[in-house]
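Here the structure is laid out as structure tokens; the discussion comes afterwards.
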Amino acid sequence: MSTNGQTAQPPATSPEAGFDLDAAWRLHPQVSVRPERFGALLYHFGTRRLSFLKSPELLSVVSSLGAQPSARAACAEAGIGPAELPAYARALATLATSQMICGRPDDRRKDGT
Amino acid sequence: MTVTAAPLTAEFRSGLDAPICLTWELTYACNLSCVHCLSSSGRRDPAELSTQDCKRVIDELERMQVFYVNIGGGEPTVRPDFWELVDYATAHHVGVKFSTNGLRITPAVASRLAGSDYIDVQISLDGATAEVNDAVRGRGSFEMATRAMQHLADAGFRGFKISVVMTRHNIAQLDAFKAIADSFGAQLRITRLRPSGRGADVWDELHPTAAQQRELYDWLVSHGENVLTGDSFFHLAGYGQELPGLNMCGAGRVVCLIDPVGDVYACPFAIHSEFLAGNVRAPGGFAGVWRSSELFAGLRQPQSGGACTSCSAFDACQGGCMAAKFFTGLPLDGPDPECVRGFGEAALATAGTAAPPRPSGDHSHRGRPTTLGSGRRAPVPVSIGPRPGQGLTASTGQAGLTVRSAPDRACDESPLAGFTLPPAR
Numbered sequence: 037m038s039t040n041g042q043t044a045q046p047p048a049t050s051p052e053a054g055f056d057l058d059a060a061w062r063l064h065p066q067v068s069v070r071p072e073r074f075g076a077l078l079y080h081f082g083t084r085r086l087s088f089l090k091s092p093e094l095l096s097v098v099s100s101l102g103a104q105p106s107a108r109a110a111c112a113e114a115g116i117g118p119a120e121l122p123a124y125a126r127a128l129a130t131l132a133t134s135q136m137i138c139g140r141p142d143d144r145r146k147d148g149t
Numbered sequence: 190m191t192v193t194a195a196p197l198t199a200e201f202r203s204g205l206d207a208p209i210c211l212t213w214e215l216t217y218a219c220n221l222s223c224v225h226c227l228s229s230s231g232r233r234d235p236a237e238l239s240t241q242d243c244k245r246v247i248d249e250l251e252r253m254q255v256f257y258v259n260i261g262g263g264e265p266t267v268r269p270d271f272w273e274l275v276d277y278a279t280a281h282h283v284g285v286k287f288s289t290n291g292l293r294i295t296p297a298v299a300s301r302l303a304g305s306d307y308i309d310v311q312i313s314l315d316g317a318t319a320e321v322n323d324a325v326r327g328r329g330s331f332e333m334a335t336r337a338m339q340h341l342a343d344a345g346f347r348g349f350k351i352s353v354v355m356t357r358h359n360i361a362q363l364d365a366f367k368a369i370a371d372s373f374g375a376q377l378r379i380t381r382l383r384p385s386g387r388g389a390d391v392w393d394e395l396h397p398t399a400a401q402q403r404e405l406y407d408w409l410v411s412h413g414e415n416v417l418t419g420d421s422f423f424h425l426a427g428y429g430q431e432l433p434g435l436n437m438c439g440a441g442r443v444v445c446l447i448d449p450v451g452d453v454y455a456c457p458f459a460i461h462s463e464f465l466a467g468n469v470r471a472p473g474g475f476a477g478v479w480r481s482s483e484l485f486a487g488l489r490q491p492q493s494g495g496a497c498t499s500c501s502a503f504d505a506c507q508g509g510c511m512a513a514k515f516f517t518g519l520p521l522d523g524p525d526p527e528c529v530r531g532f533g534e535a536a537l538a539t540a541g542t543a544a545p546p547r548p549s550g551d552h553s554h555r556g557r558p559t560t561l562g563s564g565r566r567a568p569v570p571v572s573i574g575p576r577p578g579q580g581l582t583a584s585t586g587q588a589g590l591t592v593r594s595a596p597d598r599a600c601d602e603s604p605l606a607g608f609t610l611p612p613a614r
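Chains as they are written, first to last, in our numbering: chain A, 37 to 149; chain B, 190 to 614.
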């Protein structure tokens, strides 16, 4: 099938690749997440693609996206420091490109800020 | 993104708590008698899993978070409860990809399939012309498959799969297959012929020649982007460049096979007692087999590459396909029979006169020839029901089962089909 696997992981160094860390994101509703010792497997039932999260930290970030006002907040919640942030932004960009995560345009900043 | 595939592959080699996906042959019944059928299908087995048995398995797959199943057979759509089971699976978050020869893909069925994101369809076709296809799959099968593809395309089903087993007679049709897929808005998927099931009887006559293997490799290198292979050709990586794919044998590690009577095998191409891990009807169910089978535990241990480890291509090809070796009578820690360096041919030549192992079961239609040309096959008694398990010995395993491909029948399954790990760096 058309499960072209992809690996999303925090690389050592890279630009943020245009990913909007301050936007609100969430897991795509057609994506199923299976935690594994190395991180997690993701499967998108719409695109029939498989992806991998190669660290438990990245899984934490992805899991909390939908409950946090921004991707930046989700990273902070997972304990990601500023030095690592660009790497995570890049991993999230990859997931956004393959539609594993998607934006929440109507769901910004519920705390009113 | 930076990718290091090696550690992930290592994780997969040591096995996961649940398969990523698996192949499930729902029935041995089939309207066709393809000469290379990897499951020797034809007649229904009286001990076939009941609807309730199947639903229990699906419940387990949902709990284990198996994302999808590759359903085949036999021709799975001849089961009266086929659509009921498909609906049950998708309602329980288990996606379905099923393989069919097109028999039941009417316009109404095609419309219904086009409306579901959780169902994917593979139409089996082994020739780009009726002449080539029907010689292997039977008279009228090309027309039946073409009609099904037209119905799917008319219903707006984009991206369904056309699944081709590569043989000596259709390698030259690669471009034509691609053109057919493009004309229907479908995706081409090509897989390796394996000497499994009835494929053992015709392998000598149908497997690609050495020159054709090279032709196939070159074609894949230049067209690989949009063609799925189920990772079934990683033995060709010995030519140099690795082809896209997982490049490891997932058997018993991240994939497996459930057969129509509930027997669990390491992979779809290894229906033999040597690779039988257990039965889903046992008290522990499918999960018990997956997690506790001695056979699978053995496959998840580091494996010996035997004589192949001294070959410079070993890292790329991993010794090839376990099932291909087994059913051609070669040692599992030796070269693949289609080794691109020619070691397989040499091994076959010196393998002696002992007959290679036969598949454990045969559900072929009675009284119909299932041979091609000069085939030689003796009738094999049908065996029904679970067979005693048997562990692989330590020297067996690894070299790599590729899980994929094969044949015809409605199933081609390769659980990890098309699954691509980015190149290691």
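Heads up, the beta-carbon is just placed ideally off N, CA and C, and yes, glycines get one too.
- For residue 82 (chain A), the C-beta contacts it makes with chain B under 8 Å involve 306, in order along the chain.
- Judged by DSSP secondary structure, residue 127 (chain A) falls within the alpha helix (DSSP H) whose first and last residues are 121-133.
- Contact annotation: residue 59 (chain A) and residue 94 (chain A) have beta-carbon atoms that are not nearer than 9 Å.
- By the Cβ test, the segment 247-266 of chain B is in contact with the segment 471-478 of chain B, since at least three Cβ pairs between them sit closer than 8 Å.
- Within chain B, the C-beta atoms nearer than 8 Å to that of residue 79 (chain A) come from 256, 257, 284, in chain order.
- Counting along the chain, residue 369 (chain B) sits inside the alpha helix (DSSP H) bounded by residues 363-372.
- As a beta-bridge residue in DSSP terms, residue 309 (chain B) pairs with B:286.
- In this model, residue 479 (chain B) and residue 214 (chain B) are separated by some 17 Å (Cα to Cα).
- Of all residues in the segment 80-105 of chain A, the ones placed with a Cβ closer than 8 Å to any Cβ belonging to chain B are 81, 82, 84, 86, 88, 90, in chain order.
- Against chain B, the beta carbon of residue 68 (chain A) has neighbours under 8 Å at 254, 256, 282, listed in chain order.
- Excluding sequence positions up to five before and after residue 267 (chain B), its CB lies within less than 6 Å of the CB of 218, all in the same chain and listed in chain order.
- Rounded to the nearest angstrom, the Cβ distance from residue 319 (chain B) to residue 332 (chain B) is 7 Å, consistent with a contact under 8 Å.
- Using a Cβ-Cβ cut-off of 9 Å, residue 505 (chain B) does not count as an interface residue toward chain A, since no Cβ of chain A sits closer than that to its own.
- Rounded to whole angstroms, the gap between the alpha carbons of residue 345 (chain B) and residue 338 (chain B) is 11 Å.
- For the set B:242, B:454, B:303, B:297, the Cα lying nearest the Cα of residue 274 (chain B) is the one of B:242.
- Taken in chain order, the complete beta strand (DSSP E) segments of 3 or more residues contained in the segment 367-418 of chain B are 376-381.
- For the pair of segments examined, the segment 431-443 of chain B was found to touch the segment 406-419 of chain B: the number of CB pairs separated by less than 8 Å reaches three.
- With distances taken between CA atoms, residue 452 (chain B) lies nearest to B:246 out of B:246, B:197, B:311, B:394.
- Classified as exposed, residue 272 (chain B) has fewer than 16 neighbouring CB atoms from the shown chains inside 10 Å of its CB.
- Around the beta carbon of residue 481 (chain B), fewer than 16 other beta carbons lie within 10 angstroms, which makes this residue exposed.
- Of the candidates B:441, B:255, B:385, B:441 places its Cα closest to the Cα of residue 490 (chain B).
- Between residue 55 (chain A) and chain B, the shortest Cβ-Cβ separation is not below 9 Å.
- Taken atom to atom, the span from the alpha-carbon of residue 313 (chain B) to that of residue 366 (chain B) is near 12 Å.
- Considered as a whole, the segment 216-281 of chain B harbours 240-252, 271-280 as its complete alpha helix (DSSP H) runs of no fewer than 4 residues, in chain order.
- Excluding five sequence positions before and after residue 277 (chain B), the CB atoms of its chain that fall closer than 7 Å to its own CB belong to 244, 247, given in chain order.
- Neighbours of residue 73 (chain A) in chain B, taken as residues whose beta carbon is under 8 Å from its own, are 200 in chain order.
- The continuous alpha helix (DSSP H) containing residue 333 (chain B) extends over residues 330-343.
- Minimum Cα-Cα distance from residue 81 (chain A) among the listed residues B:448, B:280, B:551 corresponds to B:280.
- About 5 Å separates the Cβ atoms of residue 229 (chain B) and residue 387 (chain B), confirming a contact at the 8 Å cut-off.
- Apart from sequence neighbours up to five positions away, the residues of its chain that approach residue 102 (chain A) with a beta-carbon distance below 7 Å are 62, 63, ordered along the chain.
- For residue 355 (chain B), the pairing in a beta bridge is given by DSSP as B:381.
- The Cβ-Cβ distance between residue 326 (chain B) and residue 444 (chain B) does not fall below 9 Å.
- With a threshold of 9 Å between beta carbons, residue 537 (chain B) makes no contact with chain A.
- When the alpha-carbon of residue 483 (chain B) is set against those of B:496, B:467, B:417, the nearest one is in B:467.
- Within chain A, no residue has its CB atom less than 7 Å from the CB of residue 302 (chain B), the nearest being about 14 Å off.
- Assigned with DSSP and collapsed to three states, residue 298 (chain B) falls in helix.
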